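Scroll down for the structure; my scribbles are underneath it.
Okay, structure coming up:
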């Protein structure tokens, strides 16, 4: 999917006037790329297809290092499932590797957004994969990480 | 905007009250701060829109990719002319559905013509349907194109990247080489199937 959804008025707005990823202000178009499969596809096959998406994403990051991604059209979970080693004997899944994706999704607004999140949701009730504050949780968003408790 | 927080507080959020939260909510991960219960928008008068439709079927992936590469290269020009829309590409098919608010029929037609002409001059095209038309409002266009609803609930995994003018103008070939191979999997997209009879 190739979407001509930026540019025009979007580019005329001060990037820091609202929280949305400032990369939108310099963008002209948005590329969403992916794989789909029919019902019944094996659970071994799907991660292989997911790896193709991950590879394209990393190639695009290399080609457009200062740009970003659109939160609503990026698949969040499988990246962690690739970066972490699943151990179904444990309730909490440990993360391996550094968290770097929030910067592509929220840009340099992320630290400010995180402060606002902590101020208005001190109970940390609202959490979504790769969303603001998700780094305080384990890969499956089931357990709060001890360093943040 | 009004919002219920995890503390149970119910806030009215705007430029003057809780301005930091008002800054975060538009696009900063809305659902992670609380539950939004209302949003007030400024509205604008309805304007006429121009609509462009392009559906091209090709004999080979090479032909399709050449069209896709040219479309990427032309994207900043189309954007500057006022167009917004969605494109899809698979091995043997490329389509584009776009609108431009408040531009004249002449400008609408002239701005897409270079790409349509590029396709016309190419070998390896099985069929090409292109048209540009005017609608009195965005709503009139919407009801013409999306009356049958869209298909939802597809199994898919997607990635995302925002593309700048510089990248589209100077690295369109590299972009095309990276994006095109996965395009084949876009059998199921968010747009309704492009059916020549509808347009």
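Protein chains in written order, with this note's numbering: chain A, 1 to 149; chain B, 1 to 199.
We put the CB at the ideal spot given by N, CA and C, even for glycine.
Fair warning: this is a prediction, and the values are worked out from it, not measured in the lab.
Helix, strand or coil at residue i [DSSP, three-state]
| i | result |
| --- | --- |
| residue 2(B) | strand |
| residue 168(A) | Beyond the ends of chain A as shown, which are 1 and 149, falls residue 168(A); an answer cannot be given. |
| residue 68(B) | helix |
| residue 25(B) | coil |
| residue 101(B) | strand |
| residue 88(A) | Bear in mind that a pLDDT of 46 at residue 88(A), under 50, signals an unreliable position, so the number given afterwards is only what the model happens to contain. Of the three classes helix, strand and coil, the one that applies to residue 88(A) here is coil, per DSSP. |
| residue 146(B) | coil |
| residue 94(B) | strand |
| residue 33(A) | strand |
| residue 17(B) | coil |
| residue 127(B) | strand |
| residue 161(B) | strand |
| residue 13(A) | coil |
| residue 12(B) | strand |
| residue 56(A) | helix |
| residue 83(B) | coil |
| residue 33(B) | coil |
| residue 57(B) | strand |
| residue 50(A) | helix |
| residue 125(A) | coil |
| residue 4(A) | strand |
Neighbour list for residue i in chain A, Cβ cutoff strictly below 7 Å
| i | result |
| --- | --- |
| residue 171(B) | 63 |
| residue 174(B) | 63 |
| residue 5(B) | 120 and 121 |
Span separating the alpha-carbon of residue i from that of residue j
| i | j | result |
| --- | --- | --- |
| residue 24(B) | residue 60(B) | 47 Å |
| residue 6(A) | residue 143(B) | 23 Å |
| residue 116(A) | residue 48(B) | 40 Å |
| residue 129(A) | residue 75(A) | 9 Å |
| residue 156(B) | residue 9(B) | 38 Å |
| residue 114(B) | residue 134(A) | 46 Å |
| residue 75(B) | residue 29(A) | 8 Å |
| residue 83(B) | residue 142(A) | 44 Å |
| residue 32(A) | residue 70(A) | 9 Å |
| residue 23(A) | residue 47(A) | 29 Å |
| residue 107(A) | residue 68(A) | 7 Å |
| residue 89(B) | residue 26(B) | 31 Å |
| residue 18(A) | residue 28(B) | 8 Å |
| residue 62(B) | residue 38(A) | 26 Å |
| residue 98(A) | residue 129(B) | Note that residue 98(A) has pLDDT 45, beneath the 50 cutoff, so the model's placement of it is unreliable and no number is given. |
| residue 19(B) | residue 127(B) | 54 Å |
| residue 13(B) | residue 111(B) | 42 Å |
| residue 3(B) | residue 121(A) | 12 Å |
| residue 118(A) | residue 131(A) | 13 Å |
| residue 43(A) | residue 153(B) | 18 Å |
| residue 53(A) | residue 16(B) | 43 Å |
| residue 7(B) | residue 127(A) | 15 Å |
| residue 113(A) | residue 180(B) | 35 Å |
| residue 11(B) | residue 125(B) | 58 Å |
| residue 164(B) | residue 26(A) | 6 Å |
Amino acids of chain B, ordered along the chain, whose beta-carbon sits closer than 9 Å to that of residue i
| i | result |
| --- | --- |
| residue 129(A) | Per Cβ cutoff of 9 Å: no residues; residue 129(A) is ~11 Å from chain B at best. |
| residue 73(A) | 158, 159 and 160 |
| residue 139(A) | Within chain B, no residue comes near residue 139(A); the closest Cβ sits about 17 Å away, beyond 9 Å. |
| residue 26(A) | 162, 164, 165 and 166 |
Residues that residue i contacts on chain A, provided the C-beta gap is smaller than 8 Å
| i | result |
| --- | --- |
| residue 103(B) | Ordered by position in chain A, no residue passes the 8 Å Cβ test against residue 103(B), which lies about 11 Å from the chain. |
| residue 178(B) | 56, 59, 60 and 63 |
| residue 182(B) | 33, 34, 35, 52, 53 and 56 |
Amino acids of chain D, ordered along the chain, whose beta-carbon sits closer than 8 Å to that of residue i
| i | result |
| --- | --- |
| residue 116(A) | No chain D appears in this structure, whose protein chains are A and B. |
Interface residues of chain B facing residue i [CB-CB closer than 7 Å]
| i | result |
| --- | --- |
| residue 152(A) | Any property of residue 152(A) remains undetermined from this structure, which presents chain A solely from 1 to 149. |
Per-residue contacts from residue i into chain B (C-beta, under 8 Å)
| i | result |
| --- | --- |
| residue 113(A) | 24, 28 and 29 |
| residue 3(A) | 85, 86 and 87 |
| residue 67(A) | 161, 162, 163, 164 and 167 |
Chain A contact residues for residue i, given Cβ-Cβ distances below 9 Å
| i | result |
| --- | --- |
| residue 98(B) | 4 |
Between the region 71-82 of chain B and chain A, which residues of the former have a C-beta closer than 9 Å to a C-beta of the latter?
71, 72, 75, 76, 78, 79, 80 and 82
Chain A contacts made by the region 137-167 of chain B, where a contact means CB separation under 9 Å
154, 155, 156, 157, 158, 159, 160, 161, 162, 163, 164, 165, 166 and 167
Any C-beta of chain A within less than 8 Å: which residues of the region 23-34 of chain B qualify?
23, 24, 25, 26, 27, 28, 29, 31, 32, 33 and 34
What residues from the region 114-126 of chain B come within 9 Å of chain A, judged by C-beta to C-beta, listed N to C?
none
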